[in-house]
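Here is the structure we will look at, set down as structure tokens.
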Amino acid sequence: MRGDDPHPKNASHFSSVRCRYRPPQGGGESLVDDVWLEIGFGAGEHLLEQARHHPRTGLIGAEPYEGGVAKLLARLTGAENIRIYEGDAREIIEALPDASIGRVFILFPDPWPKTRHHKRRFVQTQTLDALARVLKPGAELRFASDDAGYLAWTLERLIAHPAFAWTAERASDWTMRSADWPQTRYEAKALHGPPVFLRFVRKPIL
Ligand SMILES: C[S@@+](CC[C@H](N)C(=O)[O-])C[C@H]1O[C@@H](n2cnc3c(N)ncnc32)[C@H](O)[C@@H]1O
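Under my numbering, the residues of the sequence shown are numbered -16 to 189, in order.
Structure follows, in structure tokens:
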């Protein structure tokens, strides 16, 4: 995260997070080899597990729901590689440098099923453009949903997007989670139907 945030609207979010969670002070050396971003981490179970399994990876979690942020903060012990942004993930994506993120997770985003609310869905061509800018070539975008309508919406936009390629080769690639993909709270609820797991890669920049 940048200390000299040029976007005034982000300043209060950054400072409030800084007040509550101080990053460890390194001796100038890089503490992490890669940085991953989770969008809408809910109560943070997946973020925490990824951080514990990948101690040399920095995990940024963006979540506007204060109750979820509080739940994660209460369980953060031993995960010094997590940074929390309490706010809209689109703001932090805008503030990130080009090709700086190695993996992004969008797990069970709010489906907004009514047609008049589709514009509120996180996955939009504009958001994918922004993610394409910050993802490194070869970086992975992971998406999961149990909502058939949102799944179709997302596939349509990701397949059409020139920066992304779908990695699935067989049905089990999208019907089953891999071992390095911890279950989230919303997946456990499986309210709308069977969950689907998508992996897309950021194509090389030509
Ligand atoms: C259905 S919940 C899923 C939470 C978690 N990913 C899980 O699977 O348990 C969707 C979450 O996305 C968050 N969210 C909605 N819009 C967001 C945005 N623009 N940026 C970041 N998070 C957002 C909500 O606050 C909510 O916690």
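Beta carbons: idealized from backbone N, C-alpha and C, even for Gly.
Residues bridged to residue i [DSSP beta-bridge criterion]
i	result
residue 88	21, 125
residue 118	84
residue 181	126
Beta-carbon spacing of residue i, residue j below 7 Å
i	j	result
residue 62	residue 34	yes
residue 157	residue 181	yes
residue 99	residue 122	no
residue 173	residue 129	yes
residue 91	residue 141	no
residue 28	residue 153	no
residue 67	residue 41	no
residue 117	residue 84	yes
Residue interval of the alpha helix (DSSP H) (run including residue i)
i	result
residue 99	Element bounds for residue 99: n/a, residue is neither H nor E.
Delimiting residues of the beta strand (DSSP E) encompassing residue i
i	result
residue 174	Careful: residue 174 lies outside any beta strand (DSSP E) and carries neither H nor E.
Inside the stretch 32 to 97 only - alpha helix (DSSP H) runs reaching at least 4 residues: 49 to 57, 72 to 78
Any alpha helix (DSSP H) of 4 or more consecutive residues that is wholly inside the stretch 124 to 168: 131 to 143, 155 to 158
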